[in-house]
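Here is the structure we will look at, set down as C-alpha coordinates.
In full-length UniProt numbering, the protein residues as written are 1 to 114.
This is the structure in C-alpha coordinates:
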(Lines of atoms letter the chains of each structure in order from A; the text may use other names.)
(Lines give C-alpha, C1' and ligand atoms only; values in the text may rest on other atoms or scores of the structure.)
Protein backbone atom coordinates (compact mmCIF):
# COMPACT_ATOMS: atom_id res chain seq x y z
CA UNK A 1 0.00 0.00 0.00
CA UNK A 2 1.08 3.58 -0.59
CA UNK A 3 0.95 6.75 1.49
CA UNK A 4 -0.78 9.81 0.01
CA UNK A 5 2.72 11.23 -0.63
CA UNK A 6 3.44 8.26 -2.93
CA UNK A 7 5.82 6.37 -0.65
CA UNK A 8 5.42 2.61 -0.24
CA UNK A 9 4.18 1.89 3.29
CA UNK A 10 5.93 -0.90 5.17
CA UNK A 11 3.11 -2.62 7.05
CA UNK A 12 4.18 -4.83 9.92
CA UNK A 13 2.05 -7.65 11.34
CA UNK A 14 1.74 -6.07 14.79
CA UNK A 15 0.12 -2.71 15.47
CA UNK A 16 -2.92 -0.86 14.18
CA UNK A 17 -1.10 2.02 12.48
CA UNK A 18 1.74 2.50 10.06
CA UNK A 19 3.95 5.58 9.84
CA UNK A 20 5.25 6.81 6.48
CA UNK A 21 9.06 6.96 6.54
CA UNK A 22 9.09 9.92 4.12
CA UNK A 23 6.41 12.34 5.33
CA UNK A 24 5.80 10.94 8.84
CA UNK A 25 2.03 10.69 8.42
CA UNK A 26 0.37 8.04 10.59
CA UNK A 27 -2.31 5.91 8.91
CA UNK A 28 -4.59 3.36 10.55
CA UNK A 29 -4.17 0.02 8.79
CA UNK A 30 -7.91 -0.69 8.76
CA UNK A 31 -8.48 2.64 6.92
CA UNK A 32 -6.22 1.69 4.01
CA UNK A 33 -8.35 0.67 1.05
CA UNK A 34 -6.90 -1.24 -1.87
CA UNK A 35 -7.31 0.30 -5.30
CA UNK A 36 -6.53 -0.81 -8.83
CA UNK A 37 -4.94 1.32 -11.51
CA UNK A 38 -5.91 -0.01 -14.90
CA UNK A 39 -4.41 1.09 -18.19
CA UNK A 40 -6.02 0.02 -21.41
CA UNK A 41 -4.29 0.46 -24.74
CA UNK A 42 -5.23 -0.34 -28.28
CA UNK A 43 -3.09 -3.10 -29.82
CA UNK A 44 -3.63 -1.60 -33.28
CA UNK A 45 -1.95 1.63 -32.16
CA UNK A 46 1.10 -0.31 -30.94
CA UNK A 47 1.42 -2.22 -34.23
CA UNK A 48 0.94 0.91 -36.34
CA UNK A 49 3.55 2.80 -34.31
CA UNK A 50 6.03 -0.06 -34.77
CA UNK A 51 5.61 0.06 -38.53
CA UNK A 52 6.17 3.84 -38.64
CA UNK A 53 9.42 3.79 -36.65
CA UNK A 54 12.25 2.97 -39.04
CA UNK A 55 15.22 3.68 -36.78
CA UNK A 56 18.51 5.44 -37.36
CA UNK A 57 20.02 5.51 -40.84
CA UNK A 58 23.53 4.33 -41.72
CA UNK A 59 25.51 4.33 -44.97
CA UNK A 60 25.85 0.62 -45.69
CA UNK A 61 24.78 -1.40 -48.73
CA UNK A 62 21.69 -3.53 -48.17
CA UNK A 63 22.15 -7.03 -49.64
CA UNK A 64 18.40 -7.39 -50.10
CA UNK A 65 17.29 -4.18 -51.86
CA UNK A 66 20.75 -3.01 -53.06
CA UNK A 67 20.30 0.43 -51.49
CA UNK A 68 23.39 2.28 -50.21
CA UNK A 69 21.64 3.11 -46.92
CA UNK A 70 19.95 1.05 -44.22
CA UNK A 71 17.86 1.73 -41.11
CA UNK A 72 18.74 -0.02 -37.87
CA UNK A 73 17.14 -0.68 -34.48
CA UNK A 74 18.46 -2.53 -31.44
CA UNK A 75 16.39 -4.79 -29.19
CA UNK A 76 17.37 -6.69 -26.04
CA UNK A 77 16.07 -10.17 -26.93
CA UNK A 78 18.15 -12.24 -24.52
CA UNK A 79 19.30 -11.87 -20.92
CA UNK A 80 20.95 -8.68 -19.72
CA UNK A 81 24.44 -10.20 -19.69
CA UNK A 82 24.33 -10.70 -23.48
CA UNK A 83 24.51 -8.07 -26.18
CA UNK A 84 21.57 -6.48 -27.95
CA UNK A 85 20.32 -7.79 -31.28
CA UNK A 86 20.65 -5.27 -34.12
CA UNK A 87 18.00 -5.30 -36.85
CA UNK A 88 18.80 -3.71 -40.21
CA UNK A 89 16.36 -2.80 -42.98
CA UNK A 90 17.14 -1.46 -46.42
CA UNK A 91 15.56 1.93 -47.16
CA UNK A 92 13.80 0.48 -50.25
CA UNK A 93 12.20 -2.43 -48.35
CA UNK A 94 8.47 -2.06 -47.66
CA UNK A 95 7.45 -1.69 -44.01
CA UNK A 96 5.54 -4.99 -44.17
CA UNK A 97 8.83 -6.92 -44.09
CA UNK A 98 12.24 -6.41 -42.55
CA UNK A 99 15.42 -8.31 -42.07
CA UNK A 100 18.34 -8.53 -39.73
CA UNK A 101 21.81 -8.46 -41.25
CA UNK A 102 25.16 -9.05 -39.63
CA UNK A 103 27.10 -6.15 -41.19
CA UNK A 104 30.56 -7.59 -40.38
CA UNK A 105 29.97 -10.93 -42.13
CA UNK A 106 27.34 -9.67 -44.60
CA UNK A 107 25.21 -12.67 -43.61
CA UNK A 108 21.44 -12.38 -43.35
CA UNK A 109 20.42 -13.69 -39.93
CA UNK A 110 16.68 -12.96 -39.95
CA UNK A 111 14.31 -12.43 -42.83
CA UNK A 112 10.59 -11.83 -42.46
CA UNK A 113 7.91 -10.94 -44.96
CA UNK A 114 5.50 -10.19 -42.03
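From the three backbone atoms N, C-alpha and C, an ideal C-beta is built for every residue, glycine too.
- DSSP places residue 31 within a helical segment (H, G or I) once states are collapsed to three.
- The C-beta of residue 2 has fewer than 16 other C-beta atoms within 10 Å across all chains shown, which makes the residue exposed.
- Collapsing the DSSP output to three states places residue 26 in a strand.
- Taking all protein chains in view, the Cβ of residue 5 is surrounded by fewer than 16 other Cβ atoms within 10 Å, so the residue is classified as exposed.
- Residue 18 is positioned such that its CB atom lies no closer than 7 Å to that of residue 36.
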